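Residue numbers (the numbering used here): 1 to 1097.
Even for Gly, the Cβ is constructed at its ideal location relative to N, Cα and C.
No experiment lies behind these values; they were computed from the predicted model shown.
Note sheet for the following structure.
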Amino acid sequence: MACVCGLLTSSKEPVPLKSISVAVAIRSFVADVTVTLCYKNEEQSPVESVFVFPVDENSAVYGFQAEVNGKTIVAEMQEKQQAQTNYEDAVAQGQEAFLLERDSSSGDVFSCSVGHLPPGQEAKLSMSYVQELPLEADGAVRFVLPAVLNPRYVPAGAAEASSVTSRVPRAARGELPYTLSVSANIHSPYGIEKVQSNCTLGPLEYLGPDRTAAQVSLAEGQQFERDVELLMYYKQVNTPSVCVEAAQPGAQPGSLMGETTVMVSFYPSIPDSKEQASTGEFIFVLDRSGSMSCPVSGKLRSPMRIDSAKETLLLLLKSLPLGCFFNVYGFGSTFDSFFPDSVEYTQQSMEEAVQRVKALQADLGGTEILAPLKSIFSKACKPDHPRQLYVFTDGDVGNTGEVIAEVRSHSPTHRCFSFGIGEGASTALIKGIARVTGGSAEFITGSDRMQPKALQSLKRSLQPAAQNISLNWTLPPGLEPVLLSPAPSVIFGGQRSIVYAQLTGKQQPSGGTGSVCLQFTLRGEAFENTLPFTLQPNSDSRLTVHRLAAKARLQTLDAAGRRASDEEKAKVVAVSIQSGVVSSLTAYVAIHKELGRPLQGPMVRRDVPLTGSFGAMPRLASCPVGPPRFAGCPMASPPMMSMVVMDCAEMNSPMSPAPNYHVQANSPQSARNMRCVSRAKAARKSTGAPAPQAPEEAPLLQLVSLQKADGSWALDGALASVLGVKEQEAATSLPGQGVDAAVWATVLAVVWLHSTSGDQKDEWELLEGKAVAWLRARAGLTLRPAHSPPQKMWNRTSVTEFILLGIPHTEGLEMVLFFVFVTFYALTLLGNGLILTIIAGSPRLRTPMYFFLGILSIFDLLFPSVTSLKLLVSLSGRGRAISYGGCACQVFFYHFLGCVECFLYTVMAYDRYAAICHPLRYSVIMNPGVCAGLAAGTWLGGGLQAALLTCLTFRLPYCGPNSVDYFFCDIPAVLPLACADASLAQAIGFTNVGLMPFACFLLVLVSYARIAHSILRMRSAEGRRRAFSTCSAHLTSILLFYGPVALIYLQPAPSPGFSAGVQILNNLVTPTLNPVIYSLRNKEVGTALKRLLSQTM
């Protein structure tokens, strides 16, 4: 039977959805998004098309309309059951109808139904929503357009018989039947520095010289097969603000939309505390369902979710303070825990937990998170040890509402920090359980690392808690604030805290002002954050602030879910209809009532496919899917498809643990699926495929594993192996007889962390804090960060290649730059090759001047090749890596060729001095022996200079990181990566590279001063003209050569972008222009060129 991958429906008919276009308007930290779905029925019968798609849980969906035959039909917000009834009645009567509703079990899943679309007709459906944008640790504002919607696991016995996501057909990546276009307009009053994306973008276009507005679009030809992520970098981000928005015209005063609404964004400044809490109960809840055996992303060599979670859990366990309590839970179809109850954090309990973490696998079947949470909450909290929950999951559950309700009911006793792993994780679940407990939520997608985000959350939970949090408003008499969102209950330093409120009462005249003050106490000290604002409201036709405030209000009112009373449900419906924001109890419905007659004939349902998850669909191509394969295995069912694909992935990836999805046993289809998976595993055994092997543990993780619970290390063979020395060598390196071996081992470990893993400091900062505290208590030391590790301990290089990051600030311009640089490089080869040919083929040009000009042309051919070839490879997308030896060669030849050219210009200036100042003795002064000696001297001098600089640079050890923030291996870009003191190399290199061109330039100036003096003494005007003409080409080349050098060394403040531009001018443009200069400004070269062309023609 043929394998149906979801490109066609179950009846193999085409899907009506043809395209998705997205327009995003981003203003600072808020995005207003309009999604347009274009449908066309290419069948002979009317169709009903159902498109299920994810939306961020915090999004406020506020608009829905349809365009049919040029007529716009604006949908009406109704109570959900009423909207569904009206839709079904319209469809039953043969009318076109449109329905937009939120999934009842999860706030981040919507479905759009198009009913009775006539044959051959098109319909465009537009949906609008607004959302707050989170701020990443590196200062980026992050917008995500979700694409991946994984099937939500529905536990046995759950209220929902099935999840809407389980009925969605899945298409292989690259085979979605609809296209995607995305355009974004970005505004920030503080200026936009750059925009990055996980997808290919067109060029970033600024809309003004102040760079406060820009627009960018997704490159053409991309499919909606993964989340589209935009990262906006503003010049300033942590700025508190207050936005006052005017009421909706015509809205009833006193209603949510009929009053002025305020959005207050706080960025509390909390000083970092050197002290960390030594108390607390830390419970780590890890998803061990089968989906955790999928990669975090679809990128090559992306780690498995379970492996990334295990590494993170190990770092968390090692970072806990002595004296706290902890436990680890794993869940799937069932759950287990390391200990019956939370245990005290000691060396013994930590070692046991670490060993069990290393043995964890994604082998517990489905995703039933509710049972372990109930088990945790059923156990009493430890006195004086605040409970902190850390939940790691890919978030694919169908009972999200029940889980959030359970967590909320115990919110007074704990905080929850949640982590969504991989694309498709439920934002409703991840954000929901964090929101109701005052914790924080993080998502790990693409190239994100889970470890720093989890450790940052642990660091926050170990900081003293802010207390007595309150909001105080100062407003004119007659004006009162009414909170629409809960006041902040927990404050984290550097995190944004948003509050929505209505200003009710007597409206103030223009020019009035008010203020709001966030007050709290921390370690007994009072803090205040006061934000003044003007009461003059801004008019916004989209009512962005009102919609977001309505969403916050609905989240509060809708907290009880199904257990809500009729009165509470009525409030939800009322707020939803007033604001137009969809809730769990409302939906949008539109009916096209102007058809001439009802449509006749049976209607066919068409479910629009979504892309598969990273764990399944990208590996489909690698599955051995030849006939007859597994006889009797039905392949058309989407659930069956996902199971077979996962098992194929297991057969082809030795790094992947065996997936183990939960399947309800009472289904005959499920039983056949299980038999097929068993046959797939048996087939793997029969082929003799090797058993999966665990990935090799990284050196950092090896060192972390060796740290004791108190923060110290032991001086043993295991530690010596990580440090890269023999155990005996480590033991004999003790600085004195009275030094404790454990103290010395801990010092060496901390030095190793700084010298080799500086780019991962966020992951080991807490570990270092424990180690330093232990050292101070044990040895009375004040340990400073080490920048110079003991050279005899590990004077070695572990980096085997470097990554060239390219030209700064040119993201999205790669192909344009590629064609520009290819053109210049081709012209360089052509022009200098032509000069060499002319000089070699013309007897009249065999003079000292043209001898040196020929050598200059040879080096002008070679000099740009050192950097340009690798740059072109990088711009073409074929890889940015350069080997360690290749990087060293690039440094040597760049400085060798550059120095030789510098010396050549000096020699050529001396040649002109001899020709003009001593014309009668010129042939004697510049005889062939002298010319050959001067040429050899330039080569020797350049070689010595380059060898010195290269040895100074690469005698240092390079242990990581290996990212060179430039487009080639230049000394200033490479030296900061050394894991030893590079100050001597920097000083000598800077002095040497600066002194040599300066000395040569002085000699050139002396030569030309003498030349100018001689020319001015000539009596013949023609003689002066010919002398100046002879020197002008050489002078022009000298200015082009030394100009960029002077610009680099004389710039007031180093600028990577400016330096790169000047380097490109020096490396590529000058060698291209030299042939032009010498051919245009030199009559003899021009004559020889004409003669050569006439001979060839």
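Under a CB-based cut-off of 7 Å, is residue i close to chain B?
i    : result
Y267 : Checking the listed chains, one finds no chain B in this structure; it contains a single protein chain.
Determine the DSSP secondary structure at residue i, reduced to helix, strand or coil.
i     : result
E160  : Caution is warranted here: a pLDDT of 44 is assigned to E160, below 50, making its placement in the model unreliable, and no coordinate value can be reported.
N1067 : helix
Q347  : helix
V296  : coil
E76   : strand
R435  : helix
K310  : helix
V490  : coil
T474  : strand
D336  : strand
Q791  : Summary for Q791: the model assigns pLDDT 44, below 50, so the residue's position carries little reliability, and this model does not support an answer.
H918  : coil
K1090 : helix
F51   : strand
L17   : strand
Using a Cβ-Cβ cut-off of 8 Å (strictly less than) and excluding sequence neighbours within five positions of residue i, which residues of its own chain qualify?
i    : result
T239 : Y190 and Y267
N468 : Q519, F520 and T521
For residue i, I'd like the list of residues in its chain whose CB is within less than 6 Å of its CB, leaving aside the five on either flank, ordered along the chain.
i    : result
V74  : Q65
A771 : G711, T746 and V750
E281 : F325, S342, K382, H385 and R387
F339 : N327
G505 : G478, L479 and E480
Alpha carbon to alpha carbon, how far is residue j from residue i? Give it in angstroms, no decimals.
i     : j     : result
D363  : G332  : 8 Å
P386  : N472  : 28 Å
V391  : I283  : 9 Å
A1100 : V743  : Because the chain is modelled from 1 through 1097, residue 1100 falls outside the range shown and cannot be assessed.
C1158 : H895  : Since the first residue shown for the chain is 1 and the last is 1097, residue 1158 is missing from the structure and cannot be characterised.
Q252  : A549  : 17 Å
T544  : I577  : 16 Å
L871  : I882  : 11 Å
I20   : F53   : 12 Å
A23   : V516  : 34 Å
C979  : T756  : 6 Å
P976  : I1064 : 22 Å
G943  : F1041 : 19 Å
S1020 : R1026 : 10 Å
T914  : M996  : For clarity, residue 914 is Ala in the given sequence; the question names Thr instead. Going from the Cα of A914 to the Cα of M996 covers about 23 Å.
E96   : Y62   : 22 Å
M908  : L1003 : 11 Å
V144  : N992  : 49 Å
P957  : N927  : 48 Å
S857  : P961  : 38 Å
M651  : S565  : For M651, the pLDDT reaches just 29, beneath the cut-off of 50, and the residue's location in the model is therefore unreliable, although a value from the coordinates is still provided. Their backbone Cα atoms lie some 52 Å apart in a straight line.
Q451  : E763  : 6 Å
Taking 7 Å as the limit between beta carbons, can you name the residues of its chain near residue i, skipping five residues before and five after?
i     : result
D384  : T279
W774  : D710, G711, S712 and T746
F1099 : Here the chain covers residues 1 to 1097 and nothing more, so residue 1099 does not appear.
Report the residue from the options whose alpha carbon sits nearest the alpha carbon of residue i.
i    : options                    : result
I855 : S842, M926, C931 and G208  : C931
F852 : A936, M232, I916 and F1058 : A936
F892 : L862, S874 and S378        : L862
E311 : I1038, V822, V799 and V704 : V704
V262 : L535, C199 and V403        : L535
V91  : S106, G422, G115 and Q707  : G115
S541 : L462, P249 and D287        : P249
(message) Which runs of the alpha helix (DSSP H) at least 4 residues long sit entirely within the region 704-763? Give them in chain order.
(response) 717-723, 727-732 and 741-756
(request) Let me know the beta strand (DSSP E) ranges lying completely inside the region 168-256, each 3 residues or longer, listed in chain order. (result) 179-187, 192-197, 213-217, 228-234 and 241-245
(message) Quick check for students: name the residue ranges of the alpha helix (DSSP H) that lie wholly in the region 853-923, counting only runs of 4 or more.
(response) 884-917
(request) Return the chain-ordered ranges of every alpha helix (DSSP H) run that is complete within the region 974-1019 and spans a minimum of 4 residues. (result) 983-1016
(request) Within the region 19-44, note down every full beta strand (DSSP E) run reaching 3 residues or more, in order along the chain. (result) 30-40
(request) Only counting runs of 3 or more residues, tell me where the beta strand (DSSP E) segments fall wholly within the region 401-454, in order along the chain. (result) 414-421 and 441-444
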